[in-house]
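A.B. asks: Numbering (the numbering used here), first residue to last: 15 to 499. Note that beta-carbon positions come from the ideal geometry of N, C-alpha and C, so glycine has one too. Please read through the structure below; I'll follow up with questions.
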Amino acid sequence: MKKYDYDVIILGSGPAGFSCAMQSSKFDKKVLVIEANQDHLGGAWINSGTVPSKALRETSRIIQRYQNQFPEEAKEKPYSKYLMGDLLSYKDQILESKNKKVENDLLKNEVDTYRGYGTLKDNHTIEVKNWEGEKKEFTAEYILLATGSHNKEPDGFKVDHDLVLDDNSVLSLTHIPRRMVIIGSGINALEYATTFSSLGTRVTILSYTSEFLPFLDEDIQKELGIVLKDHSIEVIKRVRDLSISVNDLRGSVEVMHTLKGDKEKGRKYVLETEHVLYLGKKLPNTNGVGLEDVGVDLDEEGFVKTNGTFRTSVDNIFAAGDASGFPRLASASFSQGRIASCEMFRENNSLEMPDQIPFAIYSIPEISNIGLTQQEAIDKGFNVAVGRAYYKNITQGDVSNQQTGLLKIVFDQETFKILGIHIIGERASDLIHLGQAVMNLGGDIRYFIDHVLNYPTYSEAYRIAAFNGINYVHKAGVKYKKILK
């Protein structure tokens, strides 16, 4: 057998790369992580994406809750009372702590790291060019591509990182804006919109799509509409022909656009704002890595094609995280990296990603779901019933002054099997896991009735939703004795 420098070389230290490195070290394998960032490990996960944005969100959430609890405080906008630098210092503390932890975890598990840009020379060799321009080659039996993704450049304007921001530069703002236009149709647009509106910023979302977050269950969309209204967030859909001009005299930005299907064809709409936040489509960091040279197949958008265990078209090369496409979630990436490692080094590996994974939007309040929406379940032919619990009917909602929220269970009224769970409200991203566990372990909606849940908690929503669903079935003519046996 040929002797290699390492058992596995990992390109990228984000969640997929980090988890693969840690799991491989537990198999007593020699591991090298190559990271392009000269200063920090952790990729966008820690340094510019998941962690910093959620840290800013948490600060905004606390301020919003304080103002809701004490109405006198709400008379003055947060941007008049708080400095952006103070809010971001909390984010910086977390980043420093997380960076140290990642570095220490790799060090404790004897994982080597090297800084620079890696390129595949063949399917076992990576050439790394460091920041001084020096080149060095490493070899390994296996290679994991965990190179992440980047924002697609906008059409019709440029991101100057001053008045026109992206998801990196928005986290370096020197003040809380009074007015912001967010260009984006996805999850990040909602997350940043509610984060800044909680700080008093007047936010408008410009969406290219005809529906905003159409994958959400219909009841969650209705509740989201109430949330957007409460936040005074306007969503303008079907936007086309975007252009941006900077008014230097006024220190503002003018955003011009048309609307698809507008009765007044060609009419230009103009919005004046303090800052524009562009949240474009994510593209994979797969160019310039040498993938085509060694025969790794890509899809039409440049994402690496993989099988269920994240093996590529080249047998010893794997890809995980954003570089491999959907769902591009940090939570999923952690599992993907571990599964790839198990496929490399564990005999008779049967690990694959589960069919159902939870999904979360870290807006204020949060949104989370797993499984089928009500309409999807109907379309699949199930005899569908639903149970709902509104936060305004939960004691913990009263105690926490959180009246906005809904937990909805979609289930089959013949078998009581849970088909989907959908939540909007405080702690939704945590609450979803109880439903996930019951679903994956084969339980049905009656689990939440038959078992004791702490009181008062948000988890009580499961019990109330279950009873609501059972009442739905009972009204359809099924006897309670049969339902609850």
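Closest by CA to I423, which one among E87, M453, V413?
C.D. replies: Numbered from its first residue, the sequence shown carries residue 423 at position 409. Among E87, M453, V413, the Cα nearest to that of I423 is on M453.
A.B. asks: Just the Cα atoms here: how many angstroms apart are A354 and G28?
C.D. replies: On the sequence shown, residue 354 is found 340 positions in, with the first residue counted as 1. On the sequence shown, residue 28 is found 14 positions in, with the first residue counted as 1. Going by the C-alpha atoms only, they are around 14 Å apart.
A.B. asks: Looking only at C-alpha atoms, which of R79, N61, G57, D19 sits nearest to Q416?
C.D. replies: By one-based count along the sequence shown, residue 416 stands at place 402. Nearest C-alpha to Q416: R79.
A.B. asks: Do you know whose CA, among I108, E141, L159, E428, lies nearest S347's CA?
C.D. replies: Counting from one through the sequence shown, the residue named residue 347 turns up at place 333. Comparing Cα positions, the closest option is L159.
A.B. asks: Kindly provide the ranges of any beta strand (DSSP E) runs that are 3 or more residues long and lie completely inside the region 199 to 261, ordered along the chain.
C.D. replies: Entirely contained in the region 199 to 261, the beta strand (DSSP E) runs reaching 3 residues are, in chain order, 216 to 220, 248 to 250, 253 to 261.
A.B. asks: From which residue to which residue does the beta strand (DSSP E) around V452 run?
C.D. replies: In the sequence shown, residue 452 corresponds to position 438, counting from 1. Here V452 belongs to no beta strand (DSSP E); instead the alpha helix (DSSP H) covers 442 to 454.
A.B. asks: Would you kindly work out how many angstroms separate the C-alpha atoms of L213 and I77, rounded to a whole number?
C.D. replies: Looking up residue 213 in the sequence shown gives position 199. Looking up residue 77 in the sequence shown gives position 63. Each residue's Cα considered, the two are about 7 Å apart.
A.B. asks: Report the start-end ranges of each beta strand (DSSP E) in the region 116 to 159 that is 3 residues or longer and not cut off at the edges.
C.D. replies: Runs of the beta strand (DSSP E) inside the region 116 to 159: 126 to 129, 131 to 136, 139 to 143, 149 to 159.
A.B. asks: Pop quiz: L102 and M194 are said to be a contact at Cβ under 8 Å. What is the actual Cβ separation, rounded to whole angstroms?
C.D. replies: Taking the first residue of the sequence shown as 1, we reach residue 102 at position 88. Taking the first residue of the sequence shown as 1, we reach residue 194 at position 180. Wrong, their Cβ atoms sit about 16 Å apart, outside the cutoff.
A.B. asks: Would you identify the three-state DSSP class for R193, choosing helix, strand or coil?
C.D. replies: In the sequence shown, the residue the question calls residue 193 occupies position 179. R193 falls in the strand class under three-state DSSP.
A.B. asks: Between the Cα of I240 and those of N482, D19, I378, spot the shortest distance and give me the residue it belongs to.
C.D. replies: Indexing the sequence shown from 1 puts residue 240 at position 226. That would be I378, whose Cα lies nearest to the Cα of I240.
A.B. asks: Which residues in the same chain have their Cβ closer than 6 Å to the Cβ of G198, if we skip the five residues on either side of it in sequence?
C.D. replies: Here residue 198 refers to the residue found at position 184 when the sequence shown is read from its first residue. Cβ within range, chain order: L293.
A.B. asks: Which one of E315, P66, Y18 has the shortest CA to CA distance from K44?
C.D. replies: Mapped onto the sequence shown, residue 44 falls at position 30. For K44, the nearest C-alpha among the options comes from Y18.
A.B. asks: Drop a sphere of 10 angstroms on the beta-carbon of N299, count the other beta-carbons inside from all chains shown, and report buried for 16 or more, exposed for fewer.
C.D. replies: Position 285 of the sequence shown, counted from the start, is the residue given in the question as residue 299. It is buried - the Cβ of N299 has at least 16 other Cβ atoms within 10 Å.
A.B. asks: Whose C-beta lies closer than 6 Å to the C-beta of K150 among residues of the same chain, with five residues either side of it excluded?
C.D. replies: As a position in the sequence shown, residue 150 is number 136, starting the count at 1. The answer, listed in chain order, is V142.
A.B. asks: When DSSP builds the beta bridges, which residues end up paired with I459?
C.D. replies: Numbered from 1 along the sequence shown, position 445 holds the residue referred to as residue 459. Its beta-bridge partners do not exist; DSSP assigns none.
A.B. asks: Starting from the C-beta of D244, find all residues in its chain whose C-beta is less than 8 Å away, skip the five residues before and the five after it, and write them out in chain order.
C.D. replies: The sequence position of residue 244 within the sequence shown is 230, counting from 1. Answer for D244: T418, listed in chain order.
A.B. asks: State the beta-bridge partners of Y404 as determined by DSSP.
C.D. replies: Looking up residue 404 in the sequence shown gives position 390. Per DSSP, L420.
A.B. asks: Grab me the residues of A374's own chain with a C-beta within less than 6 Å of its C-beta, minus the 5 sequence neighbours each way, in chain order.
C.D. replies: As a working mapping, residue 374 is identified with position 360 in the sequence shown. Cβ neighbours of A374 beyond the five flanking positions: S382, S443.
A.B. asks: When you compare the CB positions of V328 and N137, do they come within less than 7 Å of one another, or not?
C.D. replies: For the purposes of this step, residue 328 is taken as residue 314 along the sequence shown, with counting starting at 1. For the purposes of this step, residue 137 is taken as residue 123 along the sequence shown, with counting starting at 1. Yes, the Cβ-Cβ distance between V328 and N137 is below 7 Å.
A.B. asks: Would you list the residues sitting across from T272 in a DSSP beta bridge?
C.D. replies: Taking the first residue of the sequence shown as position 1, residue 272 is located at position 258. Bridge partners of T272: R254.
A.B. asks: Under the rule that 16 or more other beta-carbon atoms within 10 Å means buried, what is G396, buried or exposed?
C.D. replies: For the purposes of this step, residue 396 is identified with residue 382 of the sequence shown, where counting begins at 1. Strictly speaking, residue 396 in this sequence is Phe, with Gly absent from that position. F396 is buried by the Cβ-count criterion.
A.B. asks: Below 7 Å between beta carbons: does that hold for A69 and K95?
C.D. replies: To locate residue 69, count along the sequence shown from 1; it is residue 55. To locate residue 95, count along the sequence shown from 1; it is residue 81. Not a contact, by the Cβ cut-off of 7 Å.
A.B. asks: For the region 332 to 352 and the region 303 to 320, state whether three or more C-beta atom pairs, one from each stretch, are separated by less than 8 Å.
C.D. replies: Taking 8 Å as the limit for Cβ pairs, the verdict is that the region 303 to 320 does touch the region 332 to 352.
A.B. asks: Counting Cβ pairs, one atom from each stretch, are 3 or more of them under 8 Å apart for the region 215 to 223 and the region 250 to 265?
C.D. replies: The region 215 to 223, when compared against the region 250 to 265, does touch it at the 8 Å Cβ threshold.
A.B. asks: In the DSSP assignment, find the beta strand (DSSP E) that holds F373 and state where it starts and stops.
C.D. replies: Numbered from 1 along the sequence shown, position 359 holds the residue referred to as residue 373. 373 to 375 is the span of the beta strand (DSSP E), which, as asked, contains F373.
A.B. asks: Exposed or buried, T429, counting other C-beta atoms within 10 Å across all chains shown (16 or more means buried)?
C.D. replies: Here residue 429 corresponds to residue number 415 of the sequence shown, with the count starting at 1. Exposed, because fewer than 16 other Cβ atoms sit within 10 Å of the Cβ of T429.
A.B. asks: Roughly how many whole angstroms lie between the Cα atoms of N61 and L421?
C.D. replies: Here residue 61 refers to the residue found at position 47 when the sequence shown is read from its first residue. Here residue 421 refers to the residue found at position 407 when the sequence shown is read from its first residue. Those two C-alpha atoms are separated by around 33 Å.
A.B. asks: Where do the N-terminal and C-terminal ends of the beta strand (DSSP E) with G25 fall, by residue?
C.D. replies: On the sequence shown, position 11 is the one that residue 25 refers to. A small correction: the amino acid at residue 25 is Leu; Gly does not occupy that position in the sequence shown. 20 to 25 is the span of the beta strand (DSSP E), which, as asked, contains L25.
A.B. asks: Tell me the DSSP secondary structure of E86 in three-state form.
C.D. replies: Here residue 86 refers to the residue found at position 72 when the sequence shown is read from its first residue. In this structure, E86 counts as helix in the three-state DSSP scheme.
A.B. asks: For V173, which residues from the same chain have a beta carbon less than 6 Å from its beta carbon, with the 5 sequence-adjacent residues on both sides left out?
C.D. replies: For the purposes of this step, residue 173 is identified with residue 159 of the sequence shown, where counting begins at 1. The answer, listed in chain order, is D180, Y292.
A.B. asks: Just the C-alpha distance for K406 and D412, rounded to the nearest angstrom, thanks.
C.D. replies: The sequence position of residue 406 within the sequence shown is 392, counting from 1. The sequence position of residue 412 within the sequence shown is 398, counting from 1. Taking the straight line from one Cα to the other gives about 7 Å.
A.B. asks: Kindly indicate the opening and closing residues of the alpha helix (DSSP H) around V328.
C.D. replies: Within the sequence shown, numbered from 1, the residue matching residue 328 stands at position 314. Careful: V328 lies outside any alpha helix (DSSP H) and carries neither H nor E.
A.B. asks: Output needed for M98: all residues of its chain with C-beta closer than 8 Å, excluding positions within five of it in sequence on either side, in chain order.
C.D. replies: If you number the sequence shown from 1, residue 98 lands on position 84. Only L187, T188, H189, I190 meet the Cβ criterion.
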